[in-house]
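Novice: Going by our numbering, the letters in the sequence shown line up with residues 88 to 323, in that order. We put the beta carbon where it would ideally sit given N, CA and C, even for glycine. Sending over a structure as structure tokens; questions will come in a sec.
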Amino acid sequence: MGLELLWELQEKDLAIRALEEELENTPLLEETKALREEVRRLQDEHRGAEERFKEEKRQLRALEMDIQKKTGERDALRRKLYGGEVSNLKELEQMEKKLNLLIREVDQLEEAAIEKMESLEKMEQELAVQAEQVSGQEEHLQEMERRLEALQAELRERLEALQEEREQFAGRLEPQYLERYRILSQKHQGRGVARVVDDICEGCRVFISSKLKGQLYNPKAMVYCENCGRLLIRQG
Ligand SMILES: [Zn+2]
Numbered sequence: 088m089g090l091e092l093l094w095e096l097q098e099k100d101l102a103i104r105a106l107e108e109e110l111e112n113t114p115l116l117e118e119t120k121a122l123r124e125e126v127r128r129l130q131d132e133h134r135g136a137e138e139r140f141k142e143e144k145r146q147l148r149a150l151e152m153d154i155q156k157k158t159g160e161r162d163a164l165r166r167k168l169y170g171g172e173v174s175n176l177k178e179l180e181q182m183e184k185k186l187n188l189l190i191r192e193v194d195q196l197e198e199a200a201i202e203k204m205e206s207l208e209k210m211e212q213e214l215a216v217q218a219e220q221v222s223g224q225e226e227h228l229q230e231m232e233r234r235l236e237a238l239q240a241e242l243r244e245r246l247e248a249l250q251e252e253r254e255q256f257a258g259r260l261e262p263q264y265l266e267r268y269r270i271l272s273q274k275h276q277g278r279g280v281a282r283v284v285d286d287i288c289e290g291c292r293v294f295i296s297s298k299l300k301g302q303l304y305n306p307k308a309m310v311y312c313e314n315c316g317r318l319l320i321r322q323g
């Protein structure tokens with residue numbers, strides 16, 4: 088077995104690692120997460136606005152009932168006051184006072200009801216705009232989720248293919264070389280094997296000694312960089 092196969096194995100492992108990292112850290116994942124939160128926020132906001140709208144509507148109904156009740160009282164009192172049943176002057180004066188009070192009260196209630204109706208109308212318009220925003224962003228999110236899923240599926244497929252290829256390739260290597268590779272890889276963050284290009288160790292960019300250079304011509308010798316300790320592979 089040529090030691091250069093270990094270099095190839097390392098290339099495959101690095102490609103696998105890069106793909107795993109891409110799968111975990113694809114920007115689309117972060118963007119989708121951010122949009123998901125934004126949509127949730129918009130939905131909450133919209134629900135809150137709908138609740139306030141319902142509450143205002145409920146208040147308007149209460150006002151209308153109040154108006155009906157007070158109007159009834161006012162009209163009954165007016166009939167009584169002008170009906171001639173009561174002749175006591177003091178009592179008549181009191182009734183008149185009460186009637187004026189009721190008239191003012193009904194006026195005030197009606198004004199409040201008009202204000203409430205106007206505010207409800209405005210709220211309804213705002214709710215419609217908001218609903219459109221929410222559904223627009225929901226659609227956008229669905230589209231992004233679809234894209235993310237497709238991307239992840241594609242990356243996973245490529246990763247599985249690479250992993251299978253790697254296993255088959257590793258099966259052709261001798262176990263003691265694989266073990267050595269594993270130890271070196273762990274020690275050098277996945278880059279335990281380095282090529283020598285123009286007498287420079289590609290792992291640490293330092294020139295190798297002429298003694299090592301000579302050893303590299305023996306295809307069976309395991310030669311380690313004197314500077315970084317990586318297993319050296321002669322290029323070409
Ligand atoms: Zn080195």
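If contacts are defined as beta-carbon pairs under 8 Å, then ALA215 and HIS133 qualify, I think. What distance do you get, rounded to the angstrom?
Specialist: About 11 Å separates the two Cβ atoms, so there is no contact after all.
Novice: Measure the alpha-carbon distance for GLU198 versus ALA237 and round it to whole angstroms.
Specialist: Straight-line Cα distance between these residues: approximately 58 Å.
Novice: Would you report the Cα separation of ALA149 and ALA200, rounded to the nearest angstrom?
Specialist: Cα-Cα distance, rounded: 10 Å.
Novice: Considering just the uninterrupted stretch of the alpha helix (DSSP H) at ARG104, what are its terminal residues?
Specialist: Note, ARG104: alpha helix (DSSP H), 91-112.
Novice: Where does VAL280 sit, in a helix, a strand or coil, going by DSSP?
Specialist: Looking at VAL280 - three-state DSSP - the assignment turns out to be strand.
Novice: In chain order, what residues of the same chain lie with their CB nearer than 8 Å to the CB of LEU164, ignoring the 5 residues before and after it?
Specialist: Correct list, in chain order: MET182, LYS185, LEU186 and LEU189.
Novice: Tell me the DSSP bridge mates of ILE320?
Specialist: Answer by DSSP bridge pairing, in chain order: ARG282.
Novice: At which residues does the alpha helix (DSSP H) containing GLY223 begin and terminate?
Specialist: Element bounds for GLY223: 176-258.
Novice: Going by DSSP, which residues form a beta bridge with VAL293?
Specialist: In the DSSP output, where bridge partners are listed per residue, VAL293 has CYS288.
Novice: Taking 8 Å as the cut-off, decide whether the C-beta atoms of LEU242 and GLU117 are in contact.
Specialist: Against a cut-off of 8 Å, the Cβ pair of GLU117 and LEU242 comes out as no contact.
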